[in-house]
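Peer 1: For the sequence shown, position 221 matches number 241 in the numbering used here, and the numbering has no gaps at all.
Okay, handing you the structure first.
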Amino acid sequence: MKKTVVLITGANGQIGKVLTSALRSKYGYENVIATDLTEAKHNGPFEILDITDKARMKEIIKQYEVDHIYHLAAILSSNGERNIHLTWEVNLESYLSMLDLACELKIDRIFFPSTIGVYGPTTPRVNTPQNTSFVPSTVYGISKLAGELWNQYYRKRYGLDIRSIRYPGVISYQSIPSGGTTDFAVEMFFEALEKGHYECFLRSDTRLPMVYMPDVIEGTLKLMSADKSDVSIACGYNLASFSLTPEELFYEIKKHIPDFTISYFPDQRQQIADSWSESIDDSLARKDWGWSPAYNMEQMVVDMIGHIKP
Numbered sequence: 021m022k023k024t025v026v027l028i029t030g031a032n033g034q035i036g037k038v039l040t041s042a043l044r045s046k047y048g049y050e051n052v053i054a055t056d057l058t059e060a061k062h063n064g065p066f067e068i069l070d071i072t073d074k075a076r077m078k079e080i081i082k083q084y085e086v087d088h089i090y091h092l093a094a095i096l097s098s099n100g101e102r103n104i105h106l107t108w109e110v111n112l113e114s115y116l117s118m119l120d121l122a123c124e125l126k127i128d129r130i131f132f133p134s135t136i137g138v139y140g141p142t143t144p145r146v147n148t149p150q151n152t153s154f155v156p157s158t159v160y161g162i163s164k165l166a167g168e169l170w171n172q173y174y175r176k177r178y179g180l181d182i183r184s185i186r187y188p189g190v191i192s193y194q195s196i197p198s199g200g201t202t203d204f205a206v207e208m209f210f211e212a213l214e215k216g217h218y219e220c221f222l223r224s225d226t227r228l229p230m231v232y233m234p235d236v237i238e239g240t241l242k243l244m245s246a247d248k249s250d251v252s253i254a255c256g257y258n259l260a261s262f263s264l265t266p267e268e269l270f271y272e273i274k275k276h277i278p279d280f281t282i283s284y285f286p287d288q289r290q291q292i293a294d295s296w297s298e299s300i301d302d303s304l305a306r307k308d309w310g311w312s313p314a315y316n317m318e319q320m321v322v323d324m325i326g327h328i329k330p
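Structure follows, in structure tokens:
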């Protein structure tokens, strides 16, 4: 029986690094092909890939006889506003090329990460439902919402097995993210331990939904291994674990680092955050494939500090 071969784009990113390792533990190091714009340390096959290069993408898929694709490569919310045309090309046009290749080369399964950035000012901010009003305020959110709609189209018209999650803010110790609106929730830990002070780019009372990386990986793998009959939608599943404000996170960290201080200097990311949800209704993910996060905010803080502290 042929072993499952997995291709990951954006393997050097915040989620990509950790997911690549988890997939290699699951499928074997030689069966998970990591790709990104530049090479990084990976214990397994790695290929340089600009995802806007459809011919190169096809070459890699055929060379390794890929079965599953995890398409993580993207330009995130804050960075995306600096070059909207490039963001659209990277986040949406390259994904359409991948969907066409998936049909042509008979890819078994695709994972497309979406985001709470698909929501907007018309979306109910508290306990945001699975199906709601979508008027995203960034090109990142627009591109991801368009991707979700293309997922539905390709699933209905061509029968592609596409699965997706709307990730909230992702907190992790493995790397410091950049270009996102929820990055404060990671930066704060590193600054607390290295400098004892953090300058936050959002208001103290800005409440946003979050999830800890171990739950991100567990949830992603759980969705991708679920029976196809249990996956009722191809657009992104709502998913969340807990919500927090910068001030709440500060005081929770301060319990462990008493001399830690903070100041607030909101920048352009505040406007983006103000258009996003405060909390998420993820009941469909819980019902369809058993999403159940293990970490609350307090448990996450203890684990983060334990991994980062020298």
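Each residue gets a CB set at the ideal place from its N, CA and C atoms; glycine is no exception.
(1) Give, in chain order, every unbroken run of the beta strand (DSSP E) that is at least 3 residues long and sits entirely within the segment 241-289.
(2) To which residues of the same chain is residue 88 closer than 8 Å at the C-beta, ignoring the five residues directly before and after it?
(3) Can you tell me whether residue 183 is buried or exposed? The criterion is at least 16 other CB atoms within 10 Å of its CB, across all chains shown.
(4) Roughly how many whole angstroms lie between the Cα atoms of residue 260 and residue 188?
(5) Which residue from 61, 139, 102 puts its Cα closest to that of residue 36?
(6) Distance check for residue 100 and residue 107, CA to CA, integer angstroms please.
(7) Expressed to the nearest angstrom, what Euclidean distance is found between the alpha-carbon atoms of residue 248 and residue 186?
(8) Report buried or exposed for residue 112, applying the criterion of at least 16 other Cβ atoms within 10 angstroms of its Cβ.
(9) Do you know offhand how far residue 296's Cα is from residue 196's?
(10) Rounded to a whole number of angstroms, what is the C-alpha to C-alpha distance between residue 50 and residue 271?
(11) Under a Cβ-count criterion, where at least 16 other Cβ atoms within 10 Å of its own Cβ denotes burial, should residue 91 be classed as buried or exposed?
(12) Apart from the five residues on each side of it in sequence, which residues of its chain come closer than 6 Å, Cβ to Cβ, to residue 232?
(13) DSSP on residue 26, reduced to helix/strand/coil?
(14) Should residue 68 and residue 79 be called a contact, given that it needs their Cβ atoms to be closer than 8 Å?
(15) Quick check on residue 321: does DSSP put it in helix, strand or coil?
(16) Would residue 266 and residue 224 qualify as a contact pair, given that the criterion is a beta-carbon distance under 8 Å?
(17) Is it buried or exposed, residue 175, if we count other Cβ atoms within 10 angstroms and call 16 or more buried?
(18) Using only CA atoms, which one of 144, 164, 239 lies nearest to residue 43?
(19) Please classify residue 63 as buried or exposed, where buried requires at least 16 neighbouring CB atoms within 10 angstroms.
(20) Pull up the CB-CB distance for residue 308 and residue 252, whole angstroms please, since I reckon it's below 8 Å.
(21) By DSSP's criteria, residue 232 is part of a beta bridge. Which residues make up the other side?
(22) Kindly indicate which residue of 209, 306, 121 has the alpha-carbon position closest to the one of residue 273.
(23) Could you please give the first and the last residue of the uninterrupted alpha helix (DSSP H) stretch that includes residue 138?
(24) Once DSSP output is grouped into helix, strand and coil, what is the label at residue 183?
(25) Of the choices 31, 220, 325, whose alpha-carbon is the least far from that of residue 56?
(26) Report the residue from 105, 46, 313, 166 whose alpha carbon sits nearest the alpha carbon of residue 156.
(27) Rounded to the nearest angstrom, what separates residue 200 and residue 286 at their Cα positions?
(28) Taking 7 Å as the limit between beta carbons, can you name the residues of its chain near residue 85, skipping five residues before and five after?
(29) Alpha carbon to alpha carbon, how far is residue 122 from residue 65?
(30) Any idea if residue 75 is buried or exposed, counting beta-carbon neighbours within 10 angstroms, 16 or more meaning buried?
(31) If I measure Cβ to Cβ from residue 161 and keep anything under 6 Å in the same chain, skipping five residues before and after, which residues do I get?
(32) Please tell me whether residue 153 and residue 292 are closer than 8 Å, where the distance is taken between their beta carbons.
(33) Note down, in chain order, each residue of its chain lying with its Cβ closer than 7 Å to the Cβ of residue 159, except the 5 sequence neighbours on either side.
(34) In chain order, which beta strand (DSSP E) runs of at least 3 residues are fully inside the segment 77-152?
Peer 2: Let me spell this out:
(1) 262-264, 281-284
(2) 24, 25, 26, 27, 127, 128, 129, 130, 131, 244
(3) buried
(4) 6 Å
(5) 61
(6) 5 Å
(7) 19 Å
(8) buried
(9) 22 Å
(10) 44 Å
(11) buried
(12) 191, 315, 320
(13) strand
(14) no
(15) helix
(16) yes
(17) buried
(18) 239
(19) exposed
(20) 5 Å
(21) 191
(22) 209
(23) Neither: residue 138 is in no alpha helix (DSSP H) and is coded neither H nor E.
(24) strand
(25) 31
(26) 166
(27) 14 Å
(28) 25
(29) 21 Å
(30) exposed
(31) 137, 138
(32) no
(33) 100, 101, 104, 107, 108
(34) 88-91, 129-135
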